[in-house]
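Peer 1: Protein chains in written order, with the numbering used here: chain A, 206 to 474; chain B, 732 to 1166. Structure below; questions to follow.
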């Protein structure tokens, strides 16, 4: 569906069902250069199991209008406006890689909008190699090649796919090469608020990390989980692109946290 | 390296789509000879049916062995995904009926495989889908043939049996100008020699029965989604961009983007038409693909050597191979097929139709049969077999003459192939002299 945010049309996937703001809502935020399709194998489950789903494309990405936002702080503020524009009071928020940094900023600005925050394949800061930024400045396609070579774990490099018949590297390449990857990478490289935000928020949090992650190594995620006082899971044998590479395991961890919090809220009345 | 994999093609052919499975560590891809798959719970079954998670339900839709082959072919071609089908013809039919509905139209090259011509001219016409045929690489004719309801352009990368080369970059540019995809049958080329997606094609179709399998033991087809075509921007494909009622109103483009087409084919055609590849055939074709690149080098090398030798034979009246200067598309062959333009060649023999028959009937090593792309050398007289349903005019338009001998050059020792053909030429010459 499309939502008007700051006068521009923002696309949000709803998991294949009509969005119902009266249901508990889970919001999924994609990583650098990606879009809502990163979450294809999580959003439909939530949408068909008692939740409403919002998986927006950030401005300038895939199906959303507008120019790319230039900083993580701006993205976090935009997400707060997006949640309000969707007409929901608060959401369980899930972010992959850069998407989690965006959510840290949303949490800093408007903690009342977030019931929980989950980071997938991420850390409190995501340094980016200057050579990658240079490549992205010249060609999103070339930078996508570099990112995907490092981003996908060994199984995906050998053509293994959670969806029979698919090749995730080609799908990721196609999406990234058409999106403002350069702006996203610059925003990631510049972001330094992670630790400060971690100490200032009291939202239930978890990190789902990948043992073979070469972009946000597991040790960086573990260290940040401690700062954030977050529950943490490490999924073996997969790489940075966890929502695509290990969709079942990622979904299971999301169901455990979000389902547990919703159940507790219902019991509390 | 292709758009789908950072491994080199020789490695992709051996490894992509499979790592030794956890239960038994089988190094070879196992044959999952099963119709169906046990759900862990009612909830899991429901989520599989609703595409909430990936996995297998029923082997008409997906099968683990077939999926390895699909992922391997997608990686070889540089596609976002692939579907394997029961045959090359079912791959074509699936592609045509996924992209076109009653009232739609497509444009095809005139020079195509005889059964494909029949499918386009007669079978899908009964379903209300019209086709206009234009000479391959005639850009003006292609532009003139495109209508408001045209949904795709179709050609073969190496034409069967005329052996012209499709100008894939040129044809795709014209198709893309008006927002329609180019579908290329790349059976004669294989991804070893040319990857059409790299040159602008949007969908690639194969009869994997041929060189991909390579041993003449299993029938199968494949459809590769290039993932680059913007179905939404085109505005001609509501089947992919608007809610699809039989699947909870799913919008394939919104949900799956670069894999929208292959997901639609899986959800609709494999479910409703059911032209599924058997797991055992997938296994056999996988064995062939493991040596595809090695075989193609030998196929192409033998084809070139045989061509040069044929050109010196008195009994040979003409020869045709895509890289020959007399072939109108030889420059395209040099550009699009730098490692060789396949292993098919055609020639005429003295004695016309009777001479051709005598040639074929006297061969011992080469087999006279209706297949190509076997490791063994195969010969055929198209005018009396594969293209016999065509009228004389249609045969001419398809580049076929009555004296044409089609050769699928195998990987035997070239000296033995020449010796066999020499025997055939003696027979043809006797017929010619008698006439």
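Where is the CB? At the ideal position from N, CA and C, for every residue including glycine.
So that I know if they touch, is there some Cβ in chain B lying closer than 8 Å to that of residue 250 (chain A)?
Peer 2: Closer than 8 Å: yes.
Peer 1: Measure the alpha-carbon distance for residue 1055 (chain B) versus residue 1042 (chain B) and round it to whole angstroms.
Peer 2: 11 Å
Peer 1: Can you give the Cα-Cα distance for residue 780 (chain B) and residue 750 (chain B), rounded to whole angstroms?
Peer 2: 26 Å
Peer 1: Distance, Cα to Cα, residue 208 (chain A) vs residue 258 (chain A)?
Peer 2: 13 Å
Peer 1: Quick check: what's the CA-CA separation for residue 315 (chain A) versus residue 1069 (chain B)?
Peer 2: Cα to Cα, residue 315 (chain A) sits roughly 59 Å from residue 1069 (chain B).
Peer 1: Near residue 276 (chain A), what residues of its chain come up, given a Cβ to Cβ distance below 7 Å and the 5 sequence neighbours on each side ignored?
Peer 2: In the same chain as residue 276 (chain A), and ignoring 5 residues on each side of it, the C-beta atoms closer than 7 Å to its own belong to 392, 395, in chain order.
Peer 1: Please list, in chain order, all residues of the same chain as residue 826 (chain B) whose beta carbon is under 7 Å from its beta carbon, the five residues on each side excluded.
Peer 2: 914, 934, 936, 954
Peer 1: Anyone know if the C-beta pair for residue 810 (chain B) and residue 247 (chain A) falls short of 8 Å?
Peer 2: No, Cβ-Cβ distance for residue 810 (chain B) and residue 247 (chain A) is not below 8 Å.
Peer 1: The alpha helix (DSSP H) spanning residue 346 (chain A) covers which residue range?
Peer 2: Here the alpha helix (DSSP H) through residue 346 (chain A) covers 345 to 356.
Peer 1: Give the residues from the stretch 347 to 376 of chain A that approach chain B closer than 7 Å (Cβ to any Cβ), ordered along the chain.
Peer 2: 354, 360, 362, 363, 364, 365, 366, 367, 368, 369, 370, 371, 372, 374, 375, 376
Peer 1: With a threshold of 16 other CB atoms inside 10 Å of the CB of residue 206 (chain A), please say whether the residue is buried or exposed.
Peer 2: exposed
Peer 1: Would you kindly work out how many angstroms separate the C-alpha atoms of residue 1001 (chain B) and residue 990 (chain B), rounded to a whole number?
Peer 2: 16 Å
Peer 1: Excluding the 5 residues flanking residue 225 (chain A) on each side, which residues of the same chain have their C-beta closer than 7 Å to its C-beta?
Peer 2: 257
Peer 1: Heavy atom of the ligand GDP less than 7 Å from the Cβ of residue 458 (chain A), yes or no?
Peer 2: Absent from the structure shown: the ligand GDP. Ligands present: none.
Peer 1: Whose CA, out of A:305, A:367, A:402, lies closest to the CA of residue 787 (chain B)?
Peer 2: A:367
Peer 1: Evaluate residue 974 (chain B) with the Cβ neighbour count: other Cβ atoms within 10 Å of its Cβ, from every protein chain shown; 16 or more gives buried, anything less gives exposed.
Peer 2: exposed
Peer 1: I'd like the list of long-range same chain contacts for residue 374 (chain A), defined as Cβ closer than 7 Å, with 5 residues on each side in sequence excluded.
Peer 2: Counting only Cβ-Cβ distances below 7 Å, and skipping sequence neighbours, we find 353, 357, 361.
Peer 1: Near residue 943 (chain B), which residues of its chain fall below 7 Å by C-beta distance, leaving aside the five closest residues on each side in sequence?
Peer 2: Exclusion of the five residues before and after residue 943 (chain B) leaves 921, 937, 1016, 1019, 1020, 1023 as the residues of its chain whose Cβ lies within less than 7 Å of its Cβ.
Peer 1: Does the Cβ-Cβ distance between residue 311 (chain A) and residue 285 (chain A) come in under 8 Å?
Peer 2: yes
Peer 1: Below 8 Å CB to CB, which residues in the same chain sit around residue 380 (chain A) once its five sequence neighbours on both sides are set aside?
Peer 2: 238, 239, 240, 242, 267
Peer 1: Indicate whether residue 336 (chain A) and residue 287 (chain A) have their beta-carbon atoms separated by less than 8 Å.
Peer 2: no
Peer 1: What are the partner residues of residue 260 (chain A), as DSSP defines its beta bridges?
Peer 2: A:218
Peer 1: Run through DSSP, which three-state label would residue 1008 (chain B) get?
Peer 2: Judged by DSSP in its simplified three-state form, residue 1008 (chain B) adopts coil rather than helix or strand.
Peer 1: Let me know if residue 1213 (chain B) comes out buried or exposed under the rule of 16 or more other beta-carbons within 10 Å of its beta-carbon.
Peer 2: Not covered by the structure: residue 1213 (chain B). The range shown for chain B is 732 to 1166.
Peer 1: Give a yes or no on whether the minimum CB-CB distance between residue 236 (chain A) and chain B is below 8 Å.
Peer 2: Judged by the 8 Å Cβ criterion, residue 236 (chain A) is not in contact with chain B.
Peer 1: What residues match up with residue 720 (chain B) in a beta bridge as DSSP calls it?
Peer 2: For chain B, the structure presents residues 732 to 1166; residue 720 (chain B) sits outside this window and is missing.
Peer 1: State the Cα-Cα distance for the pair residue 385 (chain A) and residue 269 (chain A), rounded to the nearest angstrom.
Peer 2: In this structure, the alpha-carbon of residue 385 (chain A) lies about 12 Å from that of residue 269 (chain A).
Peer 1: Do residue 1091 (chain B) and residue 1114 (chain B) have their C-beta atoms within less than 8 Å of each other?
Peer 2: no
Peer 1: Between residue 486 (chain A) and chain B, is the shortest Cβ-Cβ distance under 8 Å, so that the two count as touching?
Peer 2: Outside the displayed range of chain A (206 to 474) lies residue 486 (chain A), so it cannot be described from this structure.
Peer 1: What residues from the stretch 986 to 1012 of chain B come within 9 Å of chain A, judged by C-beta to C-beta, listed N to C?
Peer 2: 986, 987, 988, 989, 990, 993, 994, 997
Peer 1: Look up residue 411 (chain A) in the DSSP assignment and say whether it is helix, strand or coil.
Peer 2: In the structure shown, residue 411 (chain A) sits in a strand (DSSP, three-state: E or B).
Peer 1: Identify every residue that forms a DSSP beta bridge with residue 276 (chain A).
Peer 2: None, per the DSSP bridge assignment.
Peer 1: Which residues in chain A have a C-beta closer than 9 Å to the C-beta of residue 782 (chain B)? List them in chain order.
Peer 2: Against residue 782 (chain B), the close residues of chain A are 221, 245, 246, 249, 368, in the order they occur along the chain (beta-carbon pairs closer than 9 Å).
Peer 1: Relative to the alpha-carbon of residue 1030 (chain B), which residue among B:1074, B:950, B:902 has its alpha-carbon at the smallest distance?
Peer 2: With distances taken between Cα atoms, residue 1030 (chain B) lies closest to B:1074.
Peer 1: Spatial neighbours of residue 805 (chain B) within its chain, please: C-beta separation below 6 Å, excluding the five flanking residues on both sides.
Peer 2: 735, 812, 813, 955
Peer 1: State buried or exposed for residue 378 (chain A), treating a residue as buried only when at least 16 other CB atoms are found within 10 Å of its CB.
Peer 2: Around the beta carbon of residue 378 (chain A), 16 or more other beta carbons sit within 10 angstroms, so the residue counts as buried.
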